[in-house]
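So the sequence lines, in the order shown, correspond to chains A and B. Each residue of the first sequence is one higher than the one before, counting from 370 in the working numbering. Each residue of the second sequence is one higher than the one before, counting from 5 in the working numbering. Heads up: the structure comes next, in structure tokens.
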Amino acid sequence: MPLNIDWQQILLHMFNLILLFGILYILLYKPVRDYMAKREEEYKKREQQTKDALSDAEKLKDDYEKMLKDAEADMAAKRAEISAAAEADREQIISDAHSRAAKIVDEAREKALSEHDRLMARTQAEITDYVSKAAEKIVMQDDNLSDDFDSFFESAAQQKEAGNG
Amino acid sequence: MDKKKRTRFIIIILILLTLTFISTILSGGGAEEEPINEVMQDAVLHSYGKVSLFGLIPVNPALISAYTVTGIIFVFALIVRIFVIPRFSEIPGRFQLVLEQAVGIFDNLATSNSPHRHKFLGAYVFTAGVYIFIGTLFELLGVIVPTISGGSITLPAPLADINGAISMGVLSYCVILSGGIAGNGFKGVLNTLKDLSLPISMSFRLFGALLSGALVTELVYYYNTTSYVIPIFVAVMFTILHALIQAYVLTMLTALFYGEVSEPSSDE
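This is how it looks when you write it as structure tokens:
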């Protein structure tokens, strides 16, 4: 054959190559590739777990944000409710205070009237007293008037004795 | 190493180089026993330096290289399988990283070129890549074996032999054909047969590339005057570059054609 081509040696080379293919596939290529594939699978699994955890965390965050918003809305509603109740209480208190004040004023007015009446009565009595005292003084100053009084009192005493006798 | 020691070391190296160079000149340029054209022809054809395969048949030394390389790879793979792979950790060490990179490169090559069918292709291109790379570097070891004529010969790269290169090219073509059959059935066979020149082009590309390196190295070593210092650069650079380039080219071509013929046709 030209170029020293020998079919027997070509076949022997092929046999050697096929043998080497089997050796390398079983001993090196497959175990290393399997290990790499397994590790890649593991990494993918971890990545998926991380993504899931992240997604859960996002969901949880959304839930909490929603809860926070709900709580804020509840708080606002409660605040409004409390405010309304407080307003009603205030109105009630003011109304009570007004009625109490009116009552107090009425009582005070009544008391003042009563005091006024009492004072008027006392003043009238005092005036009467003063007048009588003044009249007495005036009478005392006039002798005739005093004799008249004496004679009046004496006749009154005689009449009383005559009635008793 | 301090400055004084370094200077002394450089001076000694220079003296040795000068002495070897002078002795080379004085020796008369080499007393070659066989002419250069015969050496080169033998490097290509291996007509004379036959080696016995297990005492059965005389074969080219490259076949012995091929089986030796397979033996070395087998022992290495076995040690790795028993002692290293069971201790793989999630955070890889240096050696684990190298192994994962080697497998990952060829696996990615197969996946990117043939996304629909790549399991077998990945394993094949890994084998081919490792074989071409290690086989080419094997040349650097300079293992000497006795020839059947009673002389001795340095084992070349397995693929520097035309038979080794043809077997690799034909096997790669068979793999491509198998991809065509598995992917498209009879249509896949036709698609593959369309590129009938492929095994020849792949074989001769591989053979030519590796042989050119071998020939240049042979030429450099042939003359005494060029066999100092220069071979360090020429042989090593040629070998390493060929190991890398040819491993890449053949595996890339195989993956490319495999992906092309095994791709499901659009009308299916």
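Glycine is no exception: its CB is placed at the ideal position from the N, C-alpha and C atoms. From a predicted model like this one, the values you see are computed outputs, not experimental measurements.
Where residue i falls, given that 16 or more other Cβ within 10 Å makes a residue buried
i: B/Thr-229; result: exposed
i: B/Phe-273; result: Absent from the structure is residue 273 of chain B, since the part of chain B shown begins at 5 and ends at 272.
i: A/Ser-468; result: exposed
i: A/Thr-492; result: exposed
i: A/His-485; result: exposed
i: B/Tyr-71; result: buried
i: B/Ala-239; result: buried
i: B/Leu-215; result: buried
i: B/Asn-41; result: exposed
i: A/Asp-375; result: buried
i: B/Ala-132; result: buried
i: A/Leu-396; result: buried
i: A/Arg-402; result: buried
i: A/Ser-501; result: exposed
i: B/Val-102; result: exposed
i: A/Tyr-398; result: buried
Euclidean distance between Cα positions of residue i and residue j
i: B/Ala-213; j: B/Val-193; result: 29 Å
i: B/Val-129; j: B/Ala-259; result: 7 Å
i: B/Arg-121; j: B/Pro-150; result: 46 Å
i: A/Asp-465; j: A/Glu-456; result: 14 Å
i: B/Ser-93; j: B/Leu-113; result: 25 Å
i: A/Ala-446; j: A/Tyr-412; result: 50 Å
i: B/Arg-85; j: A/Pro-400; result: 8 Å
i: B/Arg-91; j: B/Leu-248; result: 29 Å
i: B/Ile-16; j: B/Tyr-226; result: 27 Å
i: B/Ile-61; j: B/Glu-143; result: 23 Å
i: A/Glu-476; j: A/Tyr-499; result: 33 Å
i: A/Met-444; j: A/Ile-473; result: 41 Å
i: A/Gly-532; j: A/Lys-506; result: 32 Å
i: A/Ile-462; j: A/Asp-439; result: 33 Å
i: B/Ile-234; j: B/Leu-159; result: 21 Å
i: A/Ile-451; j: A/Glu-479; result: 41 Å
i: B/Ser-176; j: B/Leu-21; result: 47 Å
i: B/Ser-69; j: B/Gly-97; result: 32 Å
i: A/Lys-529; j: A/Ile-496; result: 32 Å
i: B/Phe-13; j: B/Ile-244; result: 29 Å
i: A/Leu-423; j: A/Asp-432; result: 14 Å
i: A/Ala-426; j: B/Thr-140; result: 57 Å
i: B/Gln-250; j: A/Leu-429; result: 58 Å
i: B/Thr-170; j: A/Lys-420; result: According to the sequence as given, residue 170 of chain B is Ile; it is not Thr. Cα to Cα, the separation comes out at about 53 Å.
8 Å Cβ cut-off: residues of chain B touching residue i
i: A/Met-436; result: In chain order: nothing, as chain B lies at least about 40 Å away.
i: A/Tyr-433; result: Within 8 Å Cβ-Cβ: nothing; A/Tyr-433 doesn't reach chain B, min ~36 Å.
Any C-beta of chain B under 7 Å from that of residue i
i: A/Met-444; result: no
i: A/Tyr-359; result: This structure gives no information on residue 359 of chain A, because the portion of chain A shown stretches from 370 to 534.
i: A/Tyr-394; result: yes
i: A/Gln-378; result: yes
i: A/Tyr-412; result: no
i: A/Leu-328; result: Since the first and last residues shown for chain A are 370 and 534, residue 328 of chain A lies out of range.
Cβ of residue i within 7 Å of any chain A Cβ
i: B/Ser-171; result: yes
i: B/Tyr-177; result: no
i: B/Tyr-252; result: no
i: B/Gly-33; result: Per-residue confidence for B/Gly-33 stands at a pLDDT of 49, beneath the threshold of 50, marking its modelled position as unreliable; no derived number is given.
i: B/Ala-127; result: yes
i: B/Glu-190; result: Reading off the sequence shown, one finds Phe at residue 190 of chain B, where the question assumed Glu. Chain A contact via Cβ: absent.
i: B/Ala-218; result: no
i: B/Glu-143; result: no
i: B/Phe-261; result: no
i: B/Glu-104; result: yes
i: B/Phe-130; result: yes
i: B/Val-107; result: yes
i: B/Ala-81; result: yes
i: B/Phe-237; result: no
i: B/Glu-272; result: Because the pLDDT at B/Glu-272 is just 49, under 50, the model does not fix this residue reliably, and the point stays unresolved.
i: B/Phe-124; result: no
Partners in chain A for residue i, counting only beta-carbon separations shorter than 7 Å
i: B/Glu-94; result: Arg-408
i: B/Ala-247; result: What B/Ala-247 touches in chain A: nothing, since even the nearest Cβ is about 16 Å away.
i: B/Ala-70; result: His-382, Asn-385
i: B/Asp-111; result: Arg-402
Interface partners of residue i on chain A, CB under 9 Å
i: B/Arg-85; result: Ile-395, Leu-396, Leu-397, Pro-400
i: B/Val-63; result: Asp-375, Gln-377, Gln-378, Leu-381
i: B/Leu-215; result: Result: empty, since nearest Cβ-Cβ is about 11 Å, beyond 9 Å.
Listed by chain order, chain B residues near residue i by CB distance under 7 Å
i: A/Leu-388; result: Thr-74
Under 8 Å from the C-beta of residue i: neighbouring residues of chain A
i: B/Tyr-135; result: Leu-386, Leu-389
i: B/Ala-186; result: Near B/Ala-186 there are no residues of chain A at all, since even the closest Cβ is about 17 Å away, more than 8 Å.
i: B/Ile-77; result: Leu-389, Ile-392, Leu-393
Within chain C, the residues that residue i reaches when beta carbons sit closer than 7 Å
i: B/Ile-180; result: The displayed structure is made up of protein chains A and B, and chain C is not among them.
* Is the stretch 102-109 of chain B touching the stretch 180-196 of chain B, taking contact as three or more C-beta pairs under 8 Å? -> The count of Cβ pairs closer than 8 Å, one atom from the stretch 102-109 of chain B and one from the stretch 180-196 of chain B, stays below three, leaving the stretches out of contact.
* **contact_flag[the stretch 178-189 of chain B, the stretch 70-90 of chain B] where n(CB pairs < 8 Å) is 3 or more** => Contact between the stretch 178-189 of chain B and the stretch 70-90 of chain B is absent: fewer than three C-beta pairs spanning the two stretches fall below 8 Å.
* How about the stretch 39-48 of chain B and the stretch 208-223 of chain B: do they share at least three Cβ pairs that are nearer than 8 Å? -> Verdict: yes, contact present.
* To do: Would you be able to state if there are at least three C-beta pairs under 8 Å between the stretch 378-396 of chain A and the stretch 153-173 of chain B?
  => Counting Cβ pairs under 8 Å, three or more are found: they touch.
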